[in-house]
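Sequence lines, in order, name chains A and B.
Each residue of the first sequence is one higher than the last, beginning at 1 in the working numbering.
Each residue of the second sequence is one higher than the last, beginning at 1 in the working numbering.
In this text, a Cβ means the ideal position worked out from N, Cα and C, and glycines have one as well.
None of these values were measured; they are calculated from a predicted model.
Number of protein chains: 2
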Amino acid sequence: MSFVRHITLPKGFVAGATACGIKPSGKKDLAIIAGRAEVSAAVVTTSNQITGAPIQWIRHILPRGCGKVRGMVINAGNSNVCTGKTGLKDTETMAGLTAKILDAEAQEVLVASTGIIGHPLPMAKVKKGIAAAGATLSLRNDGDVAEAILTTDLRAKSAFVQTRIASREVRLGGIVKGSGMIAPSMATMIAVITTDAKIAPTVLRKALRQAVAGTFNAITVDSDQSTSDVVAVLASGLAGNKTIQPGTAAYRKFAAALAEVCGELARSVVADGEGATRLVEVIVRGARTDAEAEVAAKSVANSPLVKTAVHGADPNWGRIAMALGKSAAKVVAEKLTIRIGGQPPSRRQNAEDEFVKVFARGMGCKFSAKKASSLMAGDTVKIDCNLGLGQGKFTALTCDLSREYIAINADYTT
Amino acid sequence: MSFVRHITLPKGFVAGATACGIKPSGKKDLAIIAGRAEVSAAVVTTSNQITGAPIQWIRHILPRGCGKVRGMVINAGNSNVCTGKTGLKDTETMAGLTAKILDAEAQEVLVASTGIIGHPLPMAKVKKGIAAAGATLSLRNDGDVAEAILTTDLRAKSAFVQTRIASREVRLGGIVKGSGMIAPSMATMIAVITTDAKIAPTVLRKALRQAVAGTFNAITVDSDQSTSDVVAVLASGLAGNKTIQPGTAAYRKFAAALAEVCGELARSVVADGEGATRLVEVIVRGARTDAEAEVAAKSVANSPLVKTAVHGADPNWGRIAMALGKSAAKVVAEKLTIRIGGQPPSRRQNAEDEFVKVFARGMGCKFSAKKASSLMAGDTVKIDCNLGLGQGKFTALTCDLSREYIAINADYTT
Chain A
1 MSFVRHITLP
11 KGFVAGATAC
21 GIKPSGKKDL
31 AIIAGRAEVS
41 AAVVTTSNQI
51 TGAPIQWIRH
61 ILPRGCGKVR
71 GMVINAGNSN
81 VCTGKTGLKD
91 TETMAGLTAK
101 ILDAEAQEVL
111 VASTGIIGHP
121 LPMAKVKKGI
131 AAAGATLSLR
141 NDGDVAEAIL
151 TTDLRAKSAF
161 VQTRIASREV
171 RLGGIVKGSG
181 MIAPSMATMI
191 AVITTDAKIA
201 PTVLRKALRQ
211 AVAGTFNAIT
221 VDSDQSTSDV
231 VAVLASGLAG
241 NKTIQPGTAA
251 YRKFAAALAE
261 VCGELARSVV
271 ADGEGATRLV
281 EVIVRGARTD
291 AEAEVAAKSV
301 ANSPLVKTAV
311 HGADPNWGRI
321 AMALGKSAAK
331 VVAEKLTIRI
341 GGQPPSRRQN
351 AEDEFVKVFA
361 RGMGCKFSAK
371 KASSLMAGDT
381 VKIDCNLGLG
391 QGKFTALTCD
401 LSREYIAINA
411 DYTT
Chain B
1 MSFVRHITLP
11 KGFVAGATAC
21 GIKPSGKKDL
31 AIIAGRAEVS
41 AAVVTTSNQI
51 TGAPIQWIRH
61 ILPRGCGKVR
71 GMVINAGNSN
81 VCTGKTGLKD
91 TETMAGLTAK
101 ILDAEAQEVL
111 VASTGIIGHP
121 LPMAKVKKGI
131 AAAGATLSLR
141 NDGDVAEAIL
151 TTDLRAKSAF
161 VQTRIASREV
171 RLGGIVKGSG
181 MIAPSMATMI
191 AVITTDAKIA
201 PTVLRKALRQ
211 AVAGTFNAIT
221 VDSDQSTSDV
231 VAVLASGLAG
241 NKTIQPGTAA
251 YRKFAAALAE
261 VCGELARSVV
271 ADGEGATRLV
281 EVIVRGARTD
291 AEAEVAAKSV
301 ANSPLVKTAV
311 HGADPNWGRI
321 AMALGKSAAK
331 VVAEKLTIRI
341 GGQPPSRRQN
351 AEDEFVKVFA
361 RGMGCKFSAK
371 KASSLMAGDT
381 VKIDCNLGLG
391 QGKFTALTCD
401 LSREYIAINA
411 DYTT
C-alpha cells in the first residue's frame, strides 16, 4: 500500500513500525512516533471511568494534560485494559524501552494500546517489536505507522494541513484509528497529530481541547465510549514561527488548522465506522443554547431507529422528531423544522447539497418521498433540524447502522 | 388463534375489536375496552416532548393522570402523531363516537393510536370500525382486542393475576403491544390493565406509578422512546372489597399484584422486541444509590456492543465494564464484580440459574469461556454487576441486538 505522507511532514519527527506478532494476522502492530528532540505535547483522554493502563500512565506523566515529551509508542491487537498491576508494569516497560532508543526517560514517552481487552500483553513480542520499530525510525515510514495502529478499521486514516503563521509555513499531520466509536472490545480511538509549530504545552492543550469539542467529541458510531480513547498532539517548534501566544491572530490561525486536521480525522473515523455505508451529518440549529443543540444532535445521531432509517434511505422524519423530543434539550413540535439533504446520485462531485423540507409547524410536510430517498442514497446524508427557539447550534457526525455492524460485533472474541 | 382470557376476567368490563382496513394486511386494527359503568382510571404517558394527539387528549381529560372514565378506544396501523389540528379533531371524534356507543361523554373515553406516524387517520374507516367494534363488545372478545392493538409485534401479549384482598377475590388482567421499545415510526407501547378492585383514581395512580417504575420504565429495546407510550389502568370496583386506602396492607397487596401484571407485560414486550432472540436481565447492585444503579443498568442495557455480544453468546465482559464506566453512575474498576448467568441448554426448565464470575478487582477472572457462552445461549441471560460502593440496586430488562432488528427497521415505511 502507498500512502500520502503525513505525520513526518512537519519538521522534527520520525516514525517507524513493525509486525511483532501481537495481531494473529501477522499485520503491523507496533509503532513509534518520535520527536528528534523534546516536543510540546497535549493530550485529551477518555471520560470513561474504567481506563486502560496506558491512559493511567499518560495521566501520571502529564497530570495537567500537557508537558514536554520525546515520543509515543503504540501497540495494536491487544489493548492493555483491566490487566491490573501487570498492565501498569508493562506500560512502564514499553515507555522505558522506547525511551532508551530515544535516549530519553520513560516519563517522556506516551503509551497507547488498542485491541481486545483483559489479556496481559505478550511482552516478549512487544519488547522485540519496540526494538524493531525503533530501528526503522525515519521520515519515510509514516504510512506503516498509520497501518500499525489499526484493529477492525478497514482503511488507514490520515490528514495533512499546511498554513502560514506570520509568514512562516506551519505543517500539521495526523493519523487516527477508530472503526467503531469504540470498536469491539474497546478497540479504542487513538489519534496522533504532529506539527512543527512553536507553541507552549499549555497553549497547545487549549487549542486541542477547542478542536476536539467540535470534531472528535462530535462523532459517534455506536454511542459506546472507549476505556482507552486518546488524542495526542506533538509540536516540535521547528517551523521557525514566533511562539504562538493565546488571543493572537497566530493562535486563531493555528487553532483553525488543528481543528481542520481533527475534523478530517474524525470524519474518516465515522466513514470507516463498523458496517458504515454512509456518513450522517446531524445539524441542529435554533436551540436555546449550544449545549442543548449538542444534546439534541447527539440524541438523533445515536438513535438506532434513525440510523437504520438512513441505512434504508428512508426519509422517516417521525424517528428524527422522536429522537429530538426524547433528548434533554427543549423541543417544541410547532416550532421545529426538519430538512433532509444530500446529493442526488446523478450529480457531479462537489455539487451543492439539495434539501427537502419534511417537517414544519408540528406536522409532516408534503414532499416527494422519491426525491428525499434519492438524497439519502449518497455517501453523505444531512439531517438539518431547526428547533426555532434560539441561537444554539451543533453538528454531530455519525454513520448508518447496518447488518454488517451486527456481524462484526456479535462474535468478535470467538 | 385462541387466547387465555385476560382483560374481561375482572368483573365489570367488556371488550370488542374489528378489522376496519387501517392495516393494509386486513388484520384487526380497532378495539374498544369498556366498563359496564364508570370506572376509576389512572394513566402514565410518555416523557417525550413530541406527543401524539391521543396523548394530548388523555392529558386534557385527565390533567392529573387520573379520574373517572367509561372506556378506551385504540387503533393500530396509523398512529395519530404530528397530524396537527386534524389529528386533534380526529381524536375527539374517536372519543365521541365511542362515547355514544357507551352512552357517555367524549371526555370519558381514553384514546390511543399506534402505527406509522405523520399521516392523518383514514376517518371513514375508523368511524365504521368504531361502530363495528362497539357491536362486538362482550366478555369473550378480549383475545381479539389483544390482537387488534399490535403493529410489528410477533405475538399478542397478555397477563392475568388474581389475589385476595381482605378475603375478597380481586382480579387484574392486562394487554400490551410494543415490539421495539418504540417500534418503527413510533409504533408505541400501549398497555391496558383492567381490575375489579375498588380503589379511588388518585390511589390507583399512585400504585400505577410505583408499578411502572420497576417494570415498563426498566425495559429498553433500542433506547428510543415513543411519542405515544401510554399505560392505562381501569378499576371497576366490583370485586366487593372495602375501598383500598393508601398505607394499608390491602394497598400493599394490590400494588404488588399490579406490579406483577406490569412486570409480566413488560417482560413480554422485551421478549417480543424487534429481532430479539433472547431476554437480557441487567442486575446492578452495590451502587451508591438506587438512582445510580438505574443509570448504570440502563447504560449496559442500551449498549449496542453489549447487545450484539449477547446475540453472539460472547462473554465479553470488557463491553459490560465499558458500559458501566461511561454511565453517570460512580464506578470504580477495583470494586466492581461482574457475573454472567443463565441456564445451560441441557438443564430442565425452571432449574436454578448458574453464574460465572468474569470480572473482579479491576481485572478479568480466569473462567471457562465455553461454560459462560453456554449460559448465554439460552432464552434469558443475566448480567449481574456489583459495583461494591453501597446499597443501590436496579434491574433493567432488554433483548439482544440482531441482524433482524436492522432488517425490520431499515425499510419500514417503504
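- Taking 8 Å as the CB threshold, A:I219 stays off the interface with chain B.
- Comparing alpha carbon positions, the residue from B:G178, B:L102, B:N80, B:A259 closest to B:T163 is B:A259.
- Residue-level contact check: B:L121 does not touch chain A, since none of the beta carbons of chain A fall below 8 Å from its beta carbon.
- Between the alpha carbons of B:G275 and B:A191 lies a distance of about 21 Å.
- Assignment of beta-bridge partners to B:E354 by DSSP yields B:G342.
- Here B:A15 is near B:I7, since their CB atoms are less than 8 Å apart.
- Contact between the region 335-345 of chain B and the region 51-62 of chain A is not established, with fewer than three Cβ pairs separated by less than 8 Å.
- Using beta-carbon distances, A:N241 does not count as an interface residue toward chain B, since no partner is under 8 Å.
- In the three-state reduction of the DSSP assignment, A:F367 falls in the coil class, being assigned neither a helical nor a strand state.
- Boundaries of the beta strand (DSSP E) around A:R285: 279-287.
- In the pairwise beta carbon analysis, the region 196-212 of chain A is classified as not touching the region 139-156 of chain A: fewer than three pairs are separated by under 8 Å.
- Listed along chain B, the residues sitting closer than 7 Å to A:Q49 by beta-carbon distance are G325, V331.
- Under the three-state reduction of DSSP, B:D400 is assigned to coil, being neither helix nor strand.
- In this structure A:M322 is in contact with B:N48, their Cβ atoms being roughly 6 Å apart against a cut-off of 8 Å.
- Taking 9 Å as the cut-off between beta carbons, the residues of the region 359-370 of chain A near chain B are F359, R361, G362, M363, G364, A369, in sequence order.
- Its chain contains I7, P10, F13, G173, L234 as the residues whose beta carbon lies nearer than 6 Å to that of A:T194, once the 5 sequence neighbours on both sides are disregarded; these appear in chain order.
- B:A31 and B:L121 have their C-alpha atoms some 15 Å from each other.
- Fully enclosed beta strand (DSSP E) runs of no fewer than 3 residues occupy 13-18, 30-45 of the region 10-51 of chain A, in order along the chain.
- Secondary structure of B:N75 (DSSP, three-state): strand.
- In the structure shown, A:A112 falls within a strand segment according to DSSP collapsed to helix, strand and coil.
- Between A:T83 and A:D229, the beta carbon gap of about 17 Å keeps them out of contact (Cβ cut-off 8 Å).
- With a beta-carbon spacing of about 5 Å, A:S236 and A:G35 fall inside the 8 Å limit used to define contacts.
- By a beta-carbon distance limit of 8 Å, A:T337 contacts A:K357. Their separation comes to about 7 Å.
- Listed in chain order, the positions of the region 51-63 of chain B with a beta carbon within less than 9 Å of a beta carbon of chain A are T51.
- Contact between A:A407 and B:R403 holds: their C-beta atoms lie close to 7 Å from each other, under 8 Å.
- Contact annotation: the region 299-308 of chain B touches the region 382-398 of chain B, with at least three C-beta pairs closer than 8 Å.
- Contact check for A:D90 against A:N80 passes: the beta carbons are separated by less than 8 Å.
- The residue from B:R267, B:T18, B:D314 with its alpha-carbon nearest to that of B:A133 is B:T18.
- Nearest CB-CB separation between B:V81 and chain A: below the 8 Å threshold.
- Taking the Cβ atoms as the reference, B:A159 lies roughly 19 Å from B:T114, outside the contact range of under 8 Å.
- Going by DSSP, A:E292 is part of the alpha helix (DSSP H) stretching over 290-302.
- In chain order, D384, T395 place their CB closer than 6 Å to the CB of B:I283, counting only its own chain and leaving out the 5 sequence neighbours on each side.
- When DSSP assignments are scanned along the region 89-173 of chain B, the uninterrupted stretches of beta strand (DSSP E) that are 3 or more residues long and fall wholly within it turn out to be 109-116, 157-165.
- By the criterion of a C-beta distance shorter than 8 Å, A:C66 is surrounded in its chain by S40, A41, A42, V43, P201, T202, L204, R205, once the five residues flanking it on both sides are discounted.
- The beta-carbon of B:A31 is placed no less than 8 Å from the nearest beta-carbon of chain A.
- Think of a sphere of 8 Å around the beta carbon of B:I406: the chain A residues whose beta carbon falls inside it are T308, H311, L401, S402, R403, Y405, I406, in chain order.
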